[in-house]
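Visitor: Input: one structure, supplied below.
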Amino acid sequence: MNEMRFKNFLERDDGNRVGIVRFLRIGNASLHDAWFETSRHWIEDVGGERIYAGALDVVYGRSFLSFERLIIEEYPSREAAIEVMAKSDSDIEMGLQASFVMALTPSSRFVHRMISVAGRLIRLLRPIKVREVPEVDYPKNVSLDGLSADQAQISTFYQSKQWSPFTMVNLHGFKSRAEYQIDGEDDGKRVSSGAAAYERYARRAAIQVFRRGGNFYWIATPVAVLNGDSDHPLARQWSQLVLVAWPSRMAFRHMILGQSHSRSTKHRNAGISDAIVIPGTPFEGFDKRAL
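Residues 1 to 291 in my numbering are what the sequence shown lists, from first letter to last.
Below, the structure written as structure tokens:
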């Protein structure tokens, strides 16, 4: 199946850089570590770069939260990406129990740099000192300010070190048309796409993220599944993947309990049809991505 996917992916080459996102469940740690180091040289040999590597919060029994590691790579072309992937096409060779791999078109590096510059300026001019906030117990199946999160995921989140660097993988599916809950005349006049509604949220939320030292580290548009079950939740038709780097989980908690963030979530809820968020902890060497 992977060979056919690789072929279709290459035939639809659009000439852009390509990102590869790997969600991995480890079977043999020693074998995987050997693959991790060896594949770094393969990536560099074709002009690629390993953008990120880290552990993910695991919630057993939930398929999209069962992966232990996240690796992100970026390549100059689809051909280069497939050349590396073809060298270790088997999960067994990579020391894995299971994997899910998607291909994405990353935002330009110029855009990434501009976001980082803007974030650093906001952080410099309008910093917020993060203070400890209490743990909040969320009932099962109740959204957390628009984020789909149940009690098991929240409990796992709290089990990790709260003042250490962490990242959040955000997968978004946008509605074709924004759907606002009519709670005032202004909301009733809003007519836009789901992507436009989410952009309103993102602009407001970004300021709060930056002020607490967070950074929108990697943004990309999913284009294909290269390995994994097509019925898996991660295989849905996603509109965007965003990797946000935070100085700490406490900084994230501090933001979502703030009034400024709460006021902007109506735009997020109006624009998003589906979402998956997966917290994680960056490996050494990838833990300096926050501002």
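Beta carbons: idealized from backbone N, C-alpha and C, even for Gly.
1) With 16 other CB atoms within 10 Å as the buried threshold, where does arginine 22 fall?
2) Go ahead and pull the three-state DSSP assignment for methionine 4.
3) Looking at the strands, I want to know which residues DSSP matches up with tryptophan 218.
4) For a quick check, are the C-beta atoms of proline 279 and methionine 168 less than 7 Å apart?
5) What separation, rounded to the nearest whole angstrom, lies between the Cα atoms of serine 160 and proline 247?
6) Do glycine 54 and leucine 70 come within 7 Å of each other at the CB atom, strictly closer than that value?
7) Name the two residues that bound the continuous beta strand (DSSP E) containing phenylalanine 298.
8) Look at the Cβ atom of leucine 171, then the Cβ atom of isoleucine 272, and state whether they are nearer than 7 Å.
9) Could you check which residue in Asp57, Ser39 and Asn269 has the C-alpha nearest to that of glutamate 83?
10) In the DSSP assignment, what residue or residues form a beta bridge with glutamate 83?
11) Considering only C-alpha positions, which residue in the set Leu234, Asn215 and His267 is nearest to arginine 123?
12) What is the rounded straight-line gap between the Cα of glycine 173 and the Cα of threonine 221?
13) Tell me whether the beta-carbon of alanine 270 lies closer than 7 Å to the beta-carbon of alanine 178.
14) Closest to phenylalanine 252 by C-alpha separation, out of Glu79, Gly15, Phe210 and Ala80, would be which residue?
15) So, is alanine 245 buried or exposed, given that buried needs 16 or more other C-beta atoms within 10 angstroms?
16) Buried or exposed for isoleucine 92, going by 16 or more other Cβ atoms inside 10 Å?
17) Please report the straight-line C-alpha distance between valine 133 and glutamate 11, rounded to a whole angstrom.
18) My output table needs one value for serine 331: the three-state DSSP class, helix, strand or coil.
Guide: Answer, in terms of the structure:
1) buried
2) helix
3) Leu243
4) yes
5) Whole-angstrom Cα-Cα distance: 14 Å.
6) yes
7) The requested residue 298 does not occur in the structure, where the chain is confined to residues 1 to 291.
8) no
9) Residue Ser39 is the option with its Cα nearest to glutamate 83.
10) Note: glutamate 83 sits in no beta bridge, so no partner.
11) Asn215
12) Whole-angstrom Cα-Cα distance: 11 Å.
13) yes
14) Phe210
15) Here alanine 245 is buried. Its C-beta has 16 or more other C-beta atoms within 10 Å.
16) exposed
17) 51 Å
18) Here the chain has residues from 1 to 291 only, and residue 331 is not among them.
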